[in-house]
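> Sharing a structure here in structure tokens format.
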Amino acid sequence: MTHLWSGRFETAPDAEVFQFQASFGFDRRLFDDDVTGSLAWAEALAEAGVLSTTDGAAIRTALLEIRDRGRDAPNFVDGADEDVHAFVERQLIERVGDAGKRLHTGRSRNEQVSLDLRLYLRRRIPVLQRELVALVDALVGQAEAADSRLMPSYTHLRRAQPILVAHYFLAHASAVRRDHHRLEQARDETDALPLGSGAIAGTSYEIDTTALAQRLGFSRVVLNSLDATADRDFVSGFLHASAGVMVHLSRIAEDFILFTSEEFGFFDLADAVTTGSSLMPQKKNPDPLELVRGKTGRVIGHLTGWLTTMKGLASGYNKDLQEDKEAVFDAEETLRGSIRATTAVMRSLTLDADRTEAAASGLALATDVADLLVARGVPFREAHEVVGRMVRDLLATQRDFTALSREDWQRYHPQLDADTATRITAYGSVAARRTPQSTAPDAVASALREMCEWVGSQAVTEPGS
Ligand code: ARG
Numbered sequence: 130m131t132h133l134w135s136g137r138f139e140t141a142p143d144a145e146v147f148q149f150q151a152s153f154g155f156d157r158r159l160f161d162d163d164v165t166g167s168l169a170w171a172e173a174l175a176e177a178g179v180l181s182t183t184d185g186a187a188i189r190t191a192l193l194e195i196r197d198r199g200r201d202a203p204n205f206v207d208g209a210d211e212d213v214h215a216f217v218e219r220q221l222i223e224r225v226g227d228a229g230k231r232l233h234t235g236r237s238r239n240e241q242v243s244l245d246l247r248l249y250l251r252r253r254i255p256v257l258q259r260e261l262v263a264l265v266d267a268l269v270g271q272a273e274a275a276d277s278r279l280m281p282s283y284t285h286l287r288r289a290q291p292i293l294v295a296h297y298f299l300a301h302a303s304a305v306r307r308d309h310h311r312l313e314q315a316r317d318e319t320d321a322l323p324l325g326s327g328a329i330a331g332t333s334y335e336i337d338t339t340a341l342a343q344r345l346g347f348s349r350v351v352l353n354s355l356d357a358t359a360d361r362d363f364v365s366g367f368l369h370a371s372a373g374v375m376v377h378l379s380r381i382a383e384d385f386i387l388f389t390s391e392e393f394g395f396f397d398l399a400d401a402v403t404t405g406s407s408l409m410p411q412k413k414n415p416d417p418l419e420l421v422r423g424k425t426g427r428v429i430g431h432l433t434g435w436l437t438t439m440k441g442l443a444s445g446y447n448k449d450l451q452e453d454k455e456a457v458f459d460a461e462e463t464l465r466g467s468i469r470a471t472t473a474v475m476r477s478l479t480l481d482a483d484r485t486e487a488a489a490s491g492l493a494l495a496t497d498v499a500d501l502l503v504a505r506g507v508p509f510r511e512a513h514e515v516v517g518r519m520v521r522d523l524l525a526t527q528r529d530f531t532a533l534s535r536e537d538w539q540r541y542h543p544q545l546d547a548d549t550a551t552r553i554t555a556y557g558s559v560a561a562r563r564t565p566q567s568t569a570p571d572a573v574a575s576a577l578r579e580m581c582e583w584v585g586s587q588a589v590t591e592p593g594s
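Spelled out as structure tokens, the structure:
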């Protein structure tokens with residue numbers, strides 16, 4: 130087999146080394162995008178008068194036929210070619226001979242590979258975004274189902290203050306929504322046409338890059354050919370957004386590994402999303418959540434590995450850049466699987482509200498006692514001190530605020546009267562919150578409405594895959 134560059138060489142490449150540097154094994158995934166780019170390039174060449182109308186038409190017909198075959202039978206995209214670009218060109222030449230040999234005029238694989246990966250991410254990122262919307266929808270579903278039930282919040286994984294269960298689910302939904310936005314920014318970054326850059330210095334044919342950008346759906350053309358062939362910032366952006374998604378999924382996973390354990394017992398995992406033990410009959414393990422947490426390391430690894438690859442590169446194209454694709458493809462697959470597994474787990478959770486509410490009262494109401502004193506004119510620092518003493522005594526006698534008599538309250542502070550005990554409840558605590566981002570039931574209800582609206586708006590406006 131001859132290669133795209135055989136002419137200069139006296140001997141054929143060493144088979145093992147050739148295989149080592151070839152990328153067709155993985156960049157075949159860019160097949161569709163490579164054909165899309167070539168169709169547009171052929172048109173641009175014809176418009177520039179470089180290709181005759183007949184050659185242009187022959188190339189177009191053949192490329193469409195190649196694309197259809199590849200779509201119908203993915204096994205077709207195979208062979209000993211160096212990469213997907215060489216494969217498509219070989220197929221084209223087999224069909225239309227000399228016309229096919231003219232397609233690469235004024236074009237380099239250096240810009241072609243950047244174009245293909247930009248086109249690929251542009252159509253694949255929305256698929257991931259749709260998965261994120263489904264996850265937010267599942268979290269919203271849990272928030273709705275929890276109604277006004279309570280749970281404790283934690284700082285340092287120690288009980289902090291009561292919150293609505295709905296507030297808890299909306300917290301994760303807010304983080305996932307930021308991920309959606311970050312993916313949108315990553316997609317924006319792909320939105321520049323690199324064609325016209327040639328191998329490095331630009332092309333010497335009259336290519337109308339603005340028209341070409343429009344034809345391929347890009348809103349802009351890259352600024353500099355040297356930068357364009359060396360630039361993979363859009364890959365870094367995608368991997369960063371991907372690592373961000375995984376970090377959030379991992380934190381969700383960690384929460385529910387804990388919350389569904391015998392020790393917490395706040396939620397139960399559906400049988401369908403757990404696995405058993407080969408030895409211990411009683412076990413119901415949260416494997417999908419553990420794997421999501423585990424796979425996070427791998428996606429963060431792709432980001433750090435990729436940035437490390439980039440940092441040492443001299444200007445212009447370097448073959449190291451070929452490493453971008455496996456990182457992108459694996460991150461994409463890992464994300465898709467992880468988001469879907471997390472969504473399935475979230476949809477099937479059941480809340481044990483008796484347990485969460487029992488855990489949401491007791492000493493978790495200490496701040497509310499202090500706030501009550503503040504409302505009665507006591508400086509906060511003094512109130513904190515008083516309630517701290519109460520907590521110390523209650524802990525020593527294994528009791529909480531509900532065990533205190535009228536006299537007990539009074540003994541700690543004259544402003545604490547008989548009325549105090551009835552005011553200090555977990556629900557009273559959440560209802561006392563005043564800010565829009567708080568766990569106050571009204572605030573949570575409007576946050577929930579807003580989140581539902583966002584989910585609805587995404588379903589309507591997102592492009593197809
Ligand atoms: N497979 C190559 C890559 O992924 C395509 C570009 C090859 N360019 C070159 N000058 N060898 O980067």
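130 is the number of the first residue of the sequence shown in our numbering; add one for each residue after it.
Ideal Cβ placement from N, Cα and C applies to all residues, glycine included.
As the structure is a computational prediction, the values presented were derived from the model and not from experiment.
Given a cut-off of 9 Å on the beta-carbon distance, is the pair S444 and L355 in contact?
Within the sequence shown, residue 444 is the residue found at index 315, counting from 1. Within the sequence shown, residue 355 is the residue found at index 226, counting from 1. Contact: yes.
> Going by CA-CA distance only, name the one from A382, A171, V507 that's closest to N414.
The residue you call residue 414 lines up with position 285 of the sequence shown. The option with the nearest alpha carbon to N414 is A382.
> Name the one or two DSSP bridge partners that Y283 has.
As a first step, residue 283 must be located in the sequence shown, where it is residue number 154. Y283 pairs with R288.
> With a threshold of 7 Å on Cβ separation, who are the neighbours of R231 within its own chain once the five nearest residues in sequence on each side are excluded?
In the sequence shown, residue 231 corresponds to position 102, counting from 1. Answer for R231: L180, D184, listed in chain order.
> If you measure between the beta carbons of R252 and D162, is that distance less than 9 Å?
Walking along the sequence shown from the start, residue 252 turns up at place 123. Walking along the sequence shown from the start, residue 162 turns up at place 33. Closer than 9 Å, so yes.
> If distances are taken between C-alpha atoms only, which option among T165, V256, L133, A191 comes closest to R89?
Here the chain has residues from 130 to 594 only, and residue 89 is not among them.
> Just to check, is the beta-carbon of S303 closer than 8 Å to a non-hydrogen atom of the ligand ARG?
Residue 303 sits at position 174 when you count from the first residue of the sequence shown. No, the beta carbon of S303 sits no closer than 8 Å to any heavy atom of the ligand ARG.
> For the alpha helix (DSSP H) holding S354, just list the boundary residues, first then last.
What you label residue 354 is simply residue 225 of the sequence shown in a count that begins at 1. First-last of the alpha helix (DSSP H) with S354: 354-359.
> Kindly indicate which three-state DSSP category D529 falls into: helix, strand or coil?
Along the sequence shown, one-based indexing puts residue 529 at 400. Looking at D529 - three-state DSSP - the assignment turns out to be coil, as it is neither helix nor strand.
> Looking at Y249 and the ligand ARG, is the gap between the Cβ and the nearest heavy atom below 8 Å?
To locate residue 249, count along the sequence shown from 1; it is residue 120. No; taking the cut-off as 8 Å, the Cβ of Y249 has no heavy atom of the ligand ARG nearer than that.
> Taking only the alpha-carbon atoms, compute the straight-line gap between G426 and D497 and give it to the nearest angstrom.
The residue given as residue 426 occupies position 297 in the sequence shown. The residue given as residue 497 occupies position 368 in the sequence shown. Going from the Cα of G426 to the Cα of D497 covers about 40 Å.
> Just checking S135 against the ligand ARG - is the residue's beta carbon closer than 8 Å to any of the ligand's heavy atoms?
Here residue 135 is taken as the residue at index 6 of the sequence shown, counted from 1. Result no, Cβ not under 8 Å from the ligand ARG.
> According to the Cβ coordinates, are V350 and V305 closer than 9 Å?
Sequence index remark: in the sequence shown, residue 350 carries index 221 (1-based). Sequence index remark: in the sequence shown, residue 305 carries index 176 (1-based). For V350 and V305, no; Cβs fall outside 9 Å.
> Any heavy atom of the ligand ARG closer than 8 Å to the Cβ of Q241?
Position 112 of the sequence shown, counted from the first residue, corresponds to residue 241. Within the cutoff, so yes.
> From this set, A302, T471, V516, which residue's C-alpha is nearest A401's C-alpha?
Residue mapping note: residue 401 aligns to position 272 of the sequence shown, counting from 1. Answer by Cα proximity: T471.
> Can you give the beta carbon distance from Q314 to G346, rounded, assuming they're within the 8 Å contact cut?
Against the sequence shown, residue 314 aligns to sequence position 185. Against the sequence shown, residue 346 aligns to sequence position 217. Not a contact, Cβ separation roughly 18 Å.
> Whose C-beta lies closer than 8 Å to the C-beta of P281 among residues of the same chain, with five residues either side of it excluded?
For the purposes of this step, residue 281 is taken as residue 152 along the sequence shown, with counting starting at 1. Correct list, in chain order: R288, A289, Q290, P291, I292, T485, A488, A489, A493.
> If we require 4 or more residues per run, which alpha helix (DSSP H) segments fall completely within the stretch 281-350?
Listed in chain order, they are 294-318, 338-344.
> Where does L501 fall in DSSP's three states?
Taking the first residue of the sequence shown as position 1, residue 501 is located at position 372. Helix, per DSSP.
> Hey, would you say the C-beta of L450 is under 8 Å away from at least one heavy atom of the ligand ARG?
Translated into the one-based positions of the sequence shown, residue 450 becomes position 321. Yes.
> Looking at the structure shown, is F396 part of a helix, part of a strand, or coil, going by DSSP?
Numbered from its first residue, the sequence shown carries residue 396 at position 267. Strand.
> Would you tell me roughly how many angstroms separate the C-alpha atoms of H301 and G327, rounded to the nearest one?
Locating residue 301 in the sequence shown gives position 172, counting from the first residue. Locating residue 327 in the sequence shown gives position 198, counting from the first residue. Distance between the alpha carbons of H301 and G327 is about 45 Å.
> Could you tell me whether the stretch 512-524 touches the stretch 308-323, where touching means 3 or more Cβ pairs closer than 8 Å?
Taking 8 Å as the limit for Cβ pairs, the verdict is that the stretch 308-323 does not touch the stretch 512-524.
> For a test of your reading of the model: does the CB of E211 fall under 8 Å from any non-hydrogen atom of the ligand ARG? Yes or no.
Against the sequence shown, residue 211 aligns to sequence position 82. The answer is yes for E211.
> What does the alpha-carbon distance come out to for the pair I222 and V164?
Position 93 of the sequence shown, counting from 1, holds the residue named residue 222. Position 35 of the sequence shown, counting from 1, holds the residue named residue 164. Between I222 and V164, the C-alpha separation is close to 14 Å.
> Hey, quick one: how far does the alpha helix (DSSP H) through I553 stretch, first residue to last?
Taking the first residue of the sequence shown as 1, we reach residue 553 at position 424. Taken as a continuous stretch (DSSP letters only), I553 belongs to no alpha helix (DSSP H), as it is neither H nor E.
> For A357 versus P323, is the C-beta distance shorter than 9 Å?
One-based indexing of the sequence shown puts residue 357 at position 228. One-based indexing of the sequence shown puts residue 323 at position 194. Cβ distance < 9 Å, so A357 and P323 count as in contact.
> Check this for me: beta carbons of Y556 and S348, under 9 Å apart or not?
Counted from its first residue, the sequence shown places residue 556 at position 427. Counted from its first residue, the sequence shown places residue 348 at position 219. Cβ atoms of Y556 and S348: not closer than 9 Å.
> On the criterion of 16 or more Cβ atoms from any shown chain inside 10 Å, does Q148 qualify as buried, or is it exposed?
Taking the first residue of the sequence shown as position 1, residue 148 is located at position 19. The residue in question, Q148, is exposed, as its Cβ has fewer than 16 Cβ neighbours within 10 Å.
> Pop quiz: D449 and T463 are said to be a contact at Cβ under 8 Å. What is the actual Cβ separation, rounded to whole angstroms?
In the sequence shown, residue 449 corresponds to position 320, counting from 1. In the sequence shown, residue 463 corresponds to position 334, counting from 1. Incorrect: roughly 22 Å between the Cβ atoms, too far for contact.
> Give the straight-line distance between the Cα atoms of A399 and V474, rounded to the nearest whole angstrom.
By one-based count along the sequence shown, residue 399 stands at place 270. By one-based count along the sequence shown, residue 474 stands at place 345. If I take the Cα positions, the gap works out to 8 Å.
> Pull up the distance between the alpha-carbon of H285 and that of I254, whole angstroms please.
Sequence index remark: in the sequence shown, residue 285 carries index 156 (1-based). Sequence index remark: in the sequence shown, residue 254 carries index 125 (1-based). Roughly 35 Å separates the two Cα atoms.
> Pull up the distance between the alpha-carbon of T182 and that of A175, whole angstroms please.
Numbered from its first residue, the sequence shown carries residue 182 at position 53. Numbered from its first residue, the sequence shown carries residue 175 at position 46. When rounded, the distance between both Cα atoms is 6 Å.
> Should Y297 be listed as close to the ligand ARG, given that the test is whether its C-beta is under 8 Å from any heavy atom?
Counted from its first residue, the sequence shown places residue 297 at position 168. False, no ligand heavy atom lies under 8 Å from that Cβ.
> Just to confirm the assignment, what range does the alpha helix (DSSP H) spanning V256 have?
As a position in the sequence shown, residue 256 is number 127, starting the count at 1. Note, V256: alpha helix (DSSP H), 238-275.
> Quick one: Cα of A499 to Cα of V516, how far?
Along the sequence shown, one-based indexing puts residue 499 at 370. Along the sequence shown, one-based indexing puts residue 516 at 387. Going by the C-alpha atoms only, they are around 6 Å apart.
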